[in-house]
Each structure stands twice: as C-alpha cells, then as structure tokens.
DNA sequence: CAGAAGCGGATATGGTGCATCCGGTACGTG
DNA sequence: CACGTACCGGATGCACCATATCCGCTTCTG
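Residue numbers (our numbering), protein chains in the order written: chain A, 1 to 201; chain B, 1001 to 1201.
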C-alpha cells in the first residue's frame, strides 16, 4: 500500500519488471508460509518456497517484520473495516458475535494471522494501527450491547483478548477433530457472555 | 518414588548423605523454576537456582525429562487420585466440574504443569501414565453425566482437551487482570456444556 | 587418613536463524 | 546489438543457545 516499511523509504524508483514480479512472488510465498508455519517461519523458508534466493528476499524486505507487514496489513485492515461495519448494526450483540465469527473464521486456517492477533507488540506499523482499530470498534460494540441489555454487564473490553485466546487455543490443538470444533466453543462462550434473557426452553 | 528414570537403573546404591541432600535441592529448584519459566527452562537454570553446579544436576538426572518426571509425577498422580475420587460422587457433572476447578487451580500458578497437561507426548513414564488415568476417569465421568442428563449429549471425552486448552490459554495471557479471570471462563464453558436444565432464574 | 564419591563450571558440540556479499545473470535503453 | 546497470543466488560468516561432558579439586565415610 504505502511501501513505508519496505526498503529505504527514500529510494522510490519503480522496480524493474522482473524485480516487481519477484516481489509479488515473495509476498505470495510469505502469505502461504506464514499461514501454515506461523510467523516463526524463516525468511529463508519464504525465499525457498517462492523459488527465489534468500538475497532477493532480504533486498526487498529488510526483515521478517517488514514482510509480515506487507503480507498482513490488507487482511487486518479488512477485519477492521468489518468491525467498523458491525457498528452500523442495530443489535450490537449480534453484530459483535457476527464479527467474531467472521474474523475467527479467517484466522482459523492462518496461523500467522492468529499469532498477529495475539501478539500485543509487533511494532507500530499498519498492523498495530489496524489492531487498535479493531479493538476500539469491538469496545464500542460491547459498550452498546451492554447498554442494550444483551451483553452481561460485567463483560468489558478486557474480555476480548481472553475470548480470542480461548478460541485460538482450540484452533491450535494438534488433533484434527478438536481444532475443527472451534465454532462450537465460540458459541458456548458467546452464550455465556449474553445477558440471561427471558429463556423459554 | 521408583528411581526408574534417574541415573542408570542398575546402580541402585544409596547416595552419600550430601548427594542425597543435593538431589532434593535439585528437585525443589526444578519445581520452582519449571513453575515460573515452564518446561523450556534449562537444566543449567535449575542448577543455578539450586546453588549447585551444572554437572551435579546432569549426574543425577540425565536430561530434562528425567528431572521433570521427578518433579511432576507426584503432582500428577495426585490429580489422578482426585479424578478417581470424583467417580464416587453421585452427581457426575458436579464431580467433573469440581475436578476441573481443582485441577486447573493447581495448574494456574504452575506453567510447567500446564505444559505437561497439554503435551500429548512426553515419554511413557509415570507422567504419561498419570495423564492417561486422569483422562480415563474424566471420560467415565462424562459418560455418566451424559447418562444422567446433566451433560449435553454431544459432548464427549474428545472435548476435554479443548476445555483445558481454553482455560490454559486464558491463564497464559500476559495481562495480569485477564489471567486471573480464568475462573469466570471456566464457569462459562462448564455452563455451556451443561444440558439445558429446567432453569428457574 | 586413604580413597571413593561427589562437585563445579569452563568449555566443546551441534543446532538454528539472521543477514551479507559478490560473482554472475538478465534487463532494457541507446 | 551492446553495454551499463539493476538484480539475482545462495554459500557463507556470525551470533546465539541449549545440551552435555570432562577432569582437577573438595568432601565424605569407614
């Protein structure tokens, strides 16, 4: 998007055609590798997976963080926009629940993205910005849902991290069966956060 | 207890008095270090924390696994016994819930123990045995609770790992506040697993 | 007091990730 | 087509880390 974190911000000359192509290849490879191996994957891994030399990768992205930024900002901005749109919904709780379902569904098959959601650090680039946006929107949603009497009133923004962490933990389980069951557990937790409504069953 | 995993099983001569004392020191240090730093702590760490040389530790325990065994078998056997006792309870669901509350409370301030509960591997020593016992007892409890109509009938033994993983994830959160909230989340999850009873509230 | 048992911790070993450097390749402009 | 330049490759050096050993010295015990 901005190229701020790649290379030196000064050299803004357009890349040679083949170089640009390789840049794309690197980002694509990064997306795939980070998705399955997580952020601890090596830039060497990425290079190899892209069918390129290590040097090529390091020339374009000074370190792993820069590449991760290029790979994940779009995705995270997307989630942030999603959270933003959720604010338009009348029913704040439903909107929050919907957002969590969608966001976590994206994270489900992307280990790197999950790690990014958890890690509080990770620089101050677009990723941190997007994360802040997401949590801010969610905080507003929770506030409203509380006001609307659909969210338990002892549930606050501080509960967001635990919720995500829990579902993430299920997704990270080694057993195939278990990790596919995250939907169930998300629903259980959401149910637990819901203010006890007049229940009929 | 058995000394099976320490040293060579052959040399079963009693230790010199000071050596035995140091062995205790090592185990105690191991307990403390593993509790706060987790199983990834180094035997060097443990030695240093015990105020002993590295060699002393390696002489007594060939590797980290052996020490971890010595440190944690008792604890795990204890949990297994606890699970066993839970089987005596009339109300299977309540017994299961109680066991989980107690067991997880012990794990809360012991990172090493938590890792041990998660890791499916970890040899075939007393630890694996205790783990198997625990899960077996829990499986029986769940089976009964299902039969008693207090546990949702789509909940099986396979849900045990996810439950533990979720609570563990909350306990592992960096924020002080969040990690202290694991009780709440355990209750939420337990509530979600409970078969919908005729609720009066 | 002799000699066996135990101790300490500097150090060798092997493994891992990161990042560079430079001889060679491919582009694209004149 | 030819030449300069941007770019590529990946072997290689570096730094760090946990593990495990070895052997001169100390402490115990009979």
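Yeah, the Cβ is synthetic: ideal placement off N, Cα and C, and Gly gets one too.
{"Asked": "Just tell me which of A:193, A:191 and A:167 has its CA closest to the CA of residue 103 (chain A).", "Found": "A:167"}
{"Asked": "Roughly how many angstroms separate the alpha carbons of residue 173 (chain A) and residue 1165 (chain B), rounded to a whole number?", "Found": "8 Å"}
{"Asked": "Is there a Cβ from chain A that is less than 8 Å from the Cβ of residue 1191 (chain B)?", "Found": "yes"}
{"Asked": "Between residue 238 (chain A) and chain B, is the shortest Cβ-Cβ distance under 8 Å, so that the two count as touching?", "Found": "In this structure chain A extends from 1 to 201, so residue 238 (chain A) is not present and cannot be described."}
{"Asked": "Would DSSP call residue 1151 (chain B) helix, strand or coil?", "Found": "strand"}
{"Asked": "Rounded to the nearest angstrom, what separates residue 1048 (chain B) and residue 64 (chain A) at their Cα positions?", "Found": "35 Å"}
{"Asked": "How would you list, in chain order, the residues of chain A whose beta-carbon sits under 7 Å from the beta-carbon of residue 1166 (chain B)?", "Found": "166, 169, 170 and 185"}
{"Asked": "Determine the chain B residues that contact residue 175 (chain A) at a beta-carbon separation under 8 Å, and present them in chain order.", "Found": "1158 and 1161"}
{"Asked": "Have a look at residue 1184 (chain B) and residue 1163 (chain B) and give me their C-alpha separation to the nearest angstrom.", "Found": "13 Å"}
{"Asked": "Starting from the Cα of residue 69 (chain A), find the closest Cα among A:113, A:12, A:148 and A:106 and give me that residue.", "Found": "A:113"}
{"Asked": "With residue 61 (chain A) as the anchor, note down where its alpha helix (DSSP H) starts and where it stops.", "Found": "No alpha helix (DSSP H) contains residue 61 (chain A), which DSSP labels as neither H nor E."}
{"Asked": "Comparing alpha-carbon positions, which option in B:1041, B:1038 and B:1050 lies nearest residue 1025 (chain B)?", "Found": "B:1050"}
{"Asked": "How many Å lie between residue 33 (chain A) and residue 1062 (chain B) at the Cα?", "Found": "37 Å"}
{"Asked": "Looking at chain A, is there any beta carbon in it that lies within less than 8 Å of the beta carbon of residue 1181 (chain B)?", "Found": "yes"}
{"Asked": "Please decide whether residue 188 (chain A) counts as near chain B, where near means a Cβ-Cβ distance under 8 Å.", "Found": "yes"}
{"Asked": "Considering only the alpha carbon of each residue, which of B:1012, B:1072, B:1022 and B:1058 lies closest to residue 1038 (chain B)?", "Found": "B:1072"}
{"Asked": "Can you say whether residue 1030 (chain B) is buried or exposed, counting buried as having 16 or more other CB atoms within 10 angstroms of its CB?", "Found": "buried"}
{"Asked": "Answer yes or no: do residue 189 (chain A) and residue 181 (chain A) have a C-beta to C-beta separation smaller than 8 Å?", "Found": "no"}
{"Asked": "What number of angstroms, rounded off, separates the C-alpha of residue 196 (chain A) from the C-alpha of residue 96 (chain A)?", "Found": "17 Å"}
{"Asked": "For residue 27 (chain A), which residues of its own chain have a beta-carbon under 8 Å away from its beta-carbon, when the five flanking residues on both sides are left out?", "Found": "67, 70 and 71"}
{"Asked": "In the DSSP assignment, the alpha helix (DSSP H) including residue 18 (chain A) goes from what residue to what residue?", "Found": "17 to 37"}
{"Asked": "Alpha carbon to alpha carbon, what distance is there between residue 1109 (chain B) and residue 83 (chain A)?", "Found": "35 Å"}
{"Asked": "Beta-carbon separation of residue 1098 (chain B) and residue 1107 (chain B) under 8 Å?", "Found": "no"}
{"Asked": "Residue 1193 (chain B) and residue 1144 (chain B): beta carbons closer than 8 Å?", "Found": "no"}
{"Asked": "Quick one, which of B:1132, B:1178 and B:1053 has its alpha-carbon nearest residue 1080 (chain B)'s?", "Found": "B:1132"}
{"Asked": "If you check the beta carbons only, do residue 44 (chain A) and residue 54 (chain A) fall under 8 Å apart?", "Found": "yes"}
{"Asked": "Short check: CB of residue 1186 (chain B) to CB of residue 1130 (chain B), under 8 Å?", "Found": "no"}
{"Asked": "Alpha carbon to alpha carbon, how far is residue 1002 (chain B) from residue 1128 (chain B)?", "Found": "At residue 1002 (chain B), the pLDDT of 45 sits below 50, so the modelled position is not reliable and the matter cannot be decided from this model."}
{"Asked": "What residues match up with residue 194 (chain A) in a beta bridge as DSSP calls it?", "Found": "A:151"}
{"Asked": "Ignore the nearest five residues each way along the sequence and tell me which others in residue 1090 (chain B)'s own chain have a CB closer than 6 Å to its CB.", "Found": "none"}
{"Asked": "Kindly list the residues whose CB is nearer than 6 Å to the CB of residue 179 (chain A), restricted to its own chain and excluding five residues on each side of it in sequence; keep chain order.", "Found": "171 and 173"}
{"Asked": "Terminal residues of the continuous alpha helix (DSSP H) containing residue 1176 (chain B)?", "Found": "1176 to 1179"}
{"Asked": "Report yes if the C-beta distance between residue 52 (chain A) and residue 22 (chain A) is below 8 Å; otherwise report no.", "Found": "yes"}
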